[in-house]
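Engineer: Structure in structure tokens, see below.
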Amino acid sequence: MKRTCMIPTPLGEMIALAELESLCGLWFVGQKYAPDAVGEWRQDQDYSLFSKLRGQLEAYFSGELRVFDLPLAPRGTAFQMAVWQLLRSIPSGATTTYGALARQLAIQREGRIPSAQAVGGAVGHNPVSIIIPCHRVVGADGSLTGYAGGLERKAALLALERV
5 MKRTCMIPTP
15 LGEMIALAEL
25 ESLCGLWFVG
35 QKYAPDAVGE
45 WRQDQDYSLF
55 SKLRGQLEAY
65 FSGELRVFDL
75 PLAPRGTAFQ
85 MAVWQLLRSI
95 PSGATTTYGA
105 LARQLAIQRE
115 GRIPSAQAVG
125 GAVGHNPVSI
135 IIPCHRVVGA
145 DGSLTGYAGG
155 LERKAALLAL
165 ERV
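When we follow my numbering, the leftmost residue of the sequence shown carries the number 5, and every step to the right adds one.
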């Protein structure tokens with residue numbers, strides 16, 4: 005069964021989507037690339053996975069949680085999935101660059117280095133905000149660049165993590 009709920013956070017309301025006991029989406033309302041409509045998704049604020057998600061987000065925003073423990077099932081291309089897996093390896097309190105992620109992918113795949121722009125596209129389409137920490141990716145010069153949820157939120161998330 006496909007389920008959805010709205011979750012308030014200090015940075016704005018988020019929409020969560022779950023299917024088959026896993027979280028497959030978490031976006032800020034109005035975020036770039038967020039789904040426009042959830043169609044066949046059933047509203048279920050009391051779903052146990054959403055309760056666990058709310059609790060972990062509350063602990064994260066209060067500074068008590070650094071690593072999320074939730075079953076995830078994002079959907080994307082093989083390339084996107086590889087990038088999102090790398091994002092999950094960036095520890096809280098740290099950042100990396102699009103170029104560094106591209107070099108890591110080349111090592112993992114024993115091949116040509118993908119462009120930082122291609123990696124940036126995959127990072128930008130991350131369907132599970134905060135939990136898959138795309139906000140921890142910065143420009144080559146350390147500047148805050150592109151975040152589908154808005155640069156103000158990216159800055160706030162990094163400040164929360166004391167980056």
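Where is the CB? At the ideal position from N, CA and C, for every residue including glycine. Since the model is a prediction, treat every value here as computed from it, not as a measurement.
Which partner residues of R46 appear in the DSSP bridge assignment?
Structural biologist: DSSP lists R7 as partners of R46.
Engineer: Could you spell out the range, first to last residue, of the alpha helix (DSSP H) harbouring G128?
Structural biologist: Element bounds for G128: 120-128.
Engineer: Give the secondary structure of V132 by DSSP, where H, G and I count as helix, E and B as strand, and everything else as coil.
Structural biologist: Of the three classes helix, strand and coil, the one that applies to V132 here is strand, per DSSP.
Engineer: Between G125, R113, I11, K36, which has its C-alpha nearest L53's C-alpha?
Structural biologist: Checking every option, the nearest Cα to that of L53 belongs to I11.
Engineer: Is it right to say K158 is buried, meaning 16 or more other beta carbons lie within 10 angstroms of its own, or is it exposed?
Structural biologist: The residue is buried, with at least 16 neighbouring Cβ atoms inside 10 Å.
Engineer: Straight-line CA distance for A20 to A38?
Structural biologist: Going by the C-alpha atoms only, they are around 10 angstroms apart.
Engineer: Is the CB-CB distance between T101 and A126 below 9 angstroms?
Structural biologist: Not a contact, by the Cβ cut-off of 9 angstroms.
Engineer: Do Y64 and I111 have their beta-carbon atoms positioned less than 9 angstroms apart in this structure?
Structural biologist: Going by C-beta atoms, I111 is not nearer than 9 angstroms to Y64.
Engineer: Do you know how far the Cα of Q60 is from the Cα of V71?
Structural biologist: About 9 angstroms.
Engineer: For L30, I'd like the list of residues in its chain whose CB is within less than 7 angstroms of its CB, leaving aside the five on either flank, ordered along the chain.
Structural biologist: Counting only Cβ-Cβ distances below 7 angstroms, and skipping sequence neighbours, we find M18, A20, V132, S133, I134, I135.
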